[in-house]
Amino acid sequence: MSVRERLKDLLKIAGIDIEGHLLNFQSRQSGGLSLKQRAKTILNIVVVDPDASKSLIESAKPHEIVVREDEKKELVGLSRVDTAGYDLLALAAQNEEQRLLRLMAKVIEPEDLQALSIAMTIRKYERLGKADMFARLRRKLRLTYGERGNRIYVFYSSGLLKEFLEPLLVWVEITPTPTDIDRARRVFDRCIEHMDYAVYVNAPMTHETIVEQLAYRFRVDRVAVVLVFGRSRAIVHKIRKAVATFIENEKEHQLDQMGYDVREESFAVGDVEALTLTIAVKGREDGK
Amino acid sequence: MPEVTLLVFRSNQASNIVAKFGYAVRGGRIIDSHGKRARCANCQRELTVDHLGRVMPGSYELLCDDLICFNAYAVRLVE
């Protein structure tokens, strides 16, 4: 008898039928046994009395409690009462974003993927309004994965990662050639590298707004490098035109400046056209 | 992603749990079958029963109680 069947029986004795009926998430700090079931995208958590948990842990053989990965598609693990809530939320966040994660796993380094998984969990806490956990995890992410981890959070939580990168990732799914993977990786790296002062251009953004935002970043924020990025043919055209206007305006306003270097990388994958463009103060392409 | 069931344990059950998986406990430290101190499979911190956070599927991987160590395990479930 598997642990899952044993649990079902235990809950039946307690008068709870877990077969697709329980929809509510419940966490309990005092202990007990949590059972997570997945039915499409619904995650069900059932908590039973701590004594039932204790007797199960003490009576079952190790291989019945923790199932090795190669043995089953259904995995069973143990988590301490104060970490279980986080673990279940992390799994739920991953479950919601599993397509994105699966695609990103082909493109980015394992460390970046872990940071992205943490970013997804933080976003979940944010949506639940758990401000203390949100702040604690943001600090932890920055401490462990550095500024890059923090930027991965910003890129993901702003929705830009999905909106901008997903069409490129779809091609990685369809044709996972080294060229497609490398292209997606370069776009991701460039976005992360310049995330702090990037300008994302979407359909409602006007020519004037792009020019204003560029001027603000260089004059007020006083940064050395700004990334501008966007997707679709019309937007790519709009970005090129706005950057040309900005450079022209700067020539008129700041005659003593050395000017700007513009580095453009465009991608055309199927019917998806995307552009990343970095504008750097001349001689300061390294951003310092 | 495969289905994952988590059994929840209390910190005072940690010693019993690791013993079931063939580890010894000396002075609160978790010792593996080769006599070496067990480490968190993610952050490599030496484990004590007080800091045992999870036992995960895989080669009975032990993880510490640092919350984000779980994500390193969880991303490996992505197929």
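Here the protein sequences line up with chains A and B, keeping their order.
Position one of the first sequence corresponds to residue 2 (the numbering used here), numbered consecutively onward.
Position one of the second sequence corresponds to residue 63 (the numbering used here), numbered consecutively onward.
Positions of the beta carbon are idealized from the N, C-alpha and C atoms, including for glycine.
Residues that DSSP places opposite residue i in a beta bridge
{"i": "Ala136/A", "result": "Paired residues: none, contrary to the question."}
{"i": "Ile93/B", "result": "Ala86/B, Arg99/B"}
{"i": "Ala281/A", "result": "Val226/A, Asp262/A"}
{"i": "Met121/A", "result": "Met121/A is not bridged to any residue."}
{"i": "Arg116/B", "result": "Ser80/A, Leu125/B"}
{"i": "Leu69/B", "result": "Leu79/A"}
{"i": "Glu108/B", "result": "Arg101/B"}
Where residue i falls: helix, strand or coil (DSSP)
{"i": "Ala216/A", "result": "helix"}
{"i": "Phe247/A", "result": "helix"}
{"i": "Met290/A", "result": "With chain A covering only 2 through 289, there is no way to say anything about residue 290/A."}
{"i": "Thr207/A", "result": "coil"}
{"i": "Leu24/A", "result": "At Leu24/A, the pLDDT of 43 sits below 50, so the modelled position is not reliable; the number obtained from the coordinates is stated separately. Note: Leu24/A maps to coil in three-state DSSP."}
{"i": "Leu276/A", "result": "strand"}
{"i": "Cys192/A", "result": "helix"}
{"i": "Gly147/A", "result": "helix"}
{"i": "Ala76/B", "result": "helix"}
{"i": "Gly130/A", "result": "coil"}
{"i": "Glu97/A", "result": "helix"}
{"i": "Lys41/A", "result": "Low confidence applies here, because Lys41/A scores a pLDDT of 41, under 50, leaving its location unreliable; read the following figure in that light. Note: Lys41/A maps to coil in three-state DSSP."}
{"i": "Thr178/A", "result": "coil"}
{"i": "Val221/A", "result": "coil"}
{"i": "Lys289/A", "result": "Here the model assigns Lys289/A a pLDDT of 49, short of 50, so the residue's position is not dependable and the matter cannot be decided."}
{"i": "Gly231/A", "result": "strand"}
{"i": "Ala199/A", "result": "coil"}
{"i": "Glu110/A", "result": "coil"}
{"i": "Ser267/A", "result": "strand"}
{"i": "Lys62/A", "result": "coil"}
{"i": "Asp10/A", "result": "helix"}
{"i": "Ser159/A", "result": "coil"}
{"i": "Ala140/B", "result": "Ala is not the amino acid found at residue 140/B; the sequence shown has Val there. Residue state, collapsed to three classes: coil."}
{"i": "Ile240/A", "result": "helix"}
{"i": "Ile153/A", "result": "helix"}
{"i": "Arg29/A", "result": "For Arg29/A, the pLDDT reaches just 44, beneath the cut-off of 50, and the residue's location in the model is therefore unreliable, leaving the point undetermined."}
Expected contact under 8 Å - CB spacing of residue i and residue j to nearest Å
{"i": "Tyr87/A", "j": "Ala120/A", "result": "14 Å between Cβ atoms; not a contact."}
{"i": "Gln115/A", "j": "Asn74/B", "result": "So it is not a contact: roughly 30 Å between Cβ atoms."}
{"i": "Thr279/A", "j": "His195/A", "result": "7 Å"}
{"i": "Leu142/A", "j": "Val137/B", "result": "Actually they are not in contact, since the Cβ atoms of Leu142/A and Val137/B sit about 14 Å apart, beyond 8 Å."}
{"i": "Val140/B", "j": "Ala106/A", "result": "5 Å"}
{"i": "Thr84/A", "j": "Leu129/B", "result": "6 Å"}
{"i": "Leu90/A", "j": "Val66/B", "result": "With 8 Å as the limit, Leu90/A and Val66/B do not qualify as a contact, their Cβ atoms being about 12 Å apart."}
{"i": "Ala94/A", "j": "Arg137/A", "result": "With 8 Å as the limit, Ala94/A and Arg137/A do not qualify as a contact, their Cβ atoms being about 16 Å apart."}
Cβ of residue i within 9 Å of any chain B Cβ
{"i": "Gly78/A", "result": "yes"}
{"i": "Ser158/A", "result": "no"}
{"i": "Ala243/A", "result": "no"}
{"i": "Ala106/A", "result": "yes"}
{"i": "Ala225/A", "result": "no"}
{"i": "Lys125/A", "result": "no"}
{"i": "Pro111/A", "result": "yes"}
{"i": "Asp133/A", "result": "no"}
{"i": "Val82/A", "result": "yes"}
{"i": "Ile119/A", "result": "yes"}
{"i": "Lys252/A", "result": "no"}
{"i": "Arg186/A", "result": "no"}
Beta-carbon proximity check, residue i vs residue j, cutoff 9 Å
{"i": "Gly78/A", "j": "Val117/B", "result": "yes"}
{"i": "Phe230/A", "j": "Val282/A", "result": "no"}
{"i": "Glu274/A", "j": "Arg234/A", "result": "yes"}
{"i": "Val224/A", "j": "Tyr201/A", "result": "no"}
{"i": "Arg72/B", "j": "Arg139/A", "result": "no"}
{"i": "Ile240/A", "j": "Ile211/A", "result": "yes"}
{"i": "Leu215/A", "j": "Phe189/A", "result": "no"}
{"i": "Leu114/B", "j": "Ala76/B", "result": "yes"}
{"i": "Arg99/B", "j": "Ile93/B", "result": "yes"}
{"i": "Leu104/A", "j": "Leu170/A", "result": "yes"}
{"i": "Ala86/B", "j": "Tyr135/B", "result": "no"}
{"i": "Glu172/A", "j": "Asp183/A", "result": "As written in the sequence, residue 172/A is Trp, which differs from the Glu given in the question. It is not a contact, given that the beta carbons lie outside the stated cut-off."}
Minimum Cβ-Cβ distance from residue i to chain A less than 9 Å
{"i": "Ser77/B", "result": "no"}
{"i": "Lys98/B", "result": "no"}
{"i": "Thr110/B", "result": "no"}
{"i": "Ile92/B", "result": "no"}
{"i": "Ala103/B", "result": "no"}
{"i": "Ser117/B", "result": "The sequence as given places Val at residue 117/B; Ser does not occur at that position. At least one chain A Cβ lies under 9 Å of Val117/B."}
{"i": "Val142/B", "result": "Residue 142/B is absent from the model: chain B starts at 63 and stops at 141."}
{"i": "Ser73/B", "result": "yes"}
Within chain C, the residues that residue i reaches when beta carbons sit closer than 7 Å
{"i": "Tyr87/A", "result": "No chain C appears in this structure, whose protein chains are A and B."}
Residue i: CB within 8 Å of a non-hydrogen atom of the ligand MG
{"i": "Val212/A", "result": "In the structure shown, the ligand MG is absent, as is every other ligand, since no ligand is present at all."}
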